[in-house]
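These notes are about the structure you will find just below.
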Amino acid sequence: MLFLLSACLARLPVAKTITDPRTVLARAMSEAQLQQAVIEAAKFNGWHVAHFRAGMTRRGRWVTPVSGDGAGFPDLVLAHPDRGVLFVELKAEQGKITSRQAIWLTLLGTCNKTYVWRPRDWLVGTIMAILRGSEETP
7 MLFLLSACLA RLPVAKTITD PRTVLARAMS EAQLQQAVIE AAKFNGWHVA HFRAGMTRRG
67 RWVTPVSGDG AGFPDLVLAH PDRGVLFVEL KAEQGKITSR QAIWLTLLGT CNKTYVWRPR
127 DWLVGTIMAI LRGSEETP
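Printed below as a string of structure tokens:
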């Protein structure tokens with residue numbers, strides 16, 4: 007966790023006025039850093055985690071091998087024996103959901119729990135509350 011915090015702090019702009027420290031940290035946290043934190047926290051809380059990583063083609067393009075309608079599928083699938091299955095799309099603080107991601111989240115949300123988590127959700131404790139099975143989130 008300390009590594010994650012120092013990595014975020016290293017990306018902070020120097021000359022800007024800090025109003026809310028969580029806002030500043032959330033903007034500095036990358037999607038990859040958020041993903042690492044969520045995966046570690048999920049495993050610690052007994053979740054099984056699936057993430058499908060992209061690979062580079064011979065032509066230098068990054069793609070995730072998938073058949074059918076896989077484009078836009080959520081970043082993480084988390085399964086817990088007592089808490090069910092979560093489908094989670096991760097975004098940087100200013101990141102936007104694509105139309106294909108919105109379709110998947112809508113379809114999966116009809117019978118499962120779906121979330122879009124951003125760095126602020128991590129910093130205020132919402133993600134940990136959900137992973138721990140808390141009824142109330144901060």
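Using my numbering, you'd call the opening residue of the sequence shown number 7 and step up by one each time.
Don't be surprised by glycine CBs; every beta carbon is placed ideally from N, CA and C.
The three-state reading of DSSP puts K119 in strand, counting E and B together.
Linking T63 to V69 through their CA atoms gives a straight-line distance of about 7 Å.
Where E46 is concerned, the enclosing alpha helix (DSSP H) starts and stops at E37 to F50.
A direct Cα-Cα distance of roughly 11 Å separates P27 from A34. Closest in alpha carbon position to R124, among T116, A98 and T25, is A98. In this structure, the straight-line span from the alpha carbon of G115 to that of Q107 is close to 12 Å.
With respect to the 8 Å criterion, L129 and T120 are not classified as neighbours on the basis of their beta carbons.
Of the residues R126, R138 and L40, the one whose Cα lies closest to the Cα of G90 is R138. Close CB contacts of N118 within its chain, under the 8 Å cut and outside five residues either way in sequence, are with G90, V91, L92 and F93 (chain order).
With a 10 Å radius around the Cβ and a threshold of 16 neighbouring Cβ atoms, P71 comes out exposed. It is roughly 12 Å from the alpha-carbon of L113 to the alpha-carbon of D75.
H86 and I136 have their C-alpha atoms roughly 12 Å apart.
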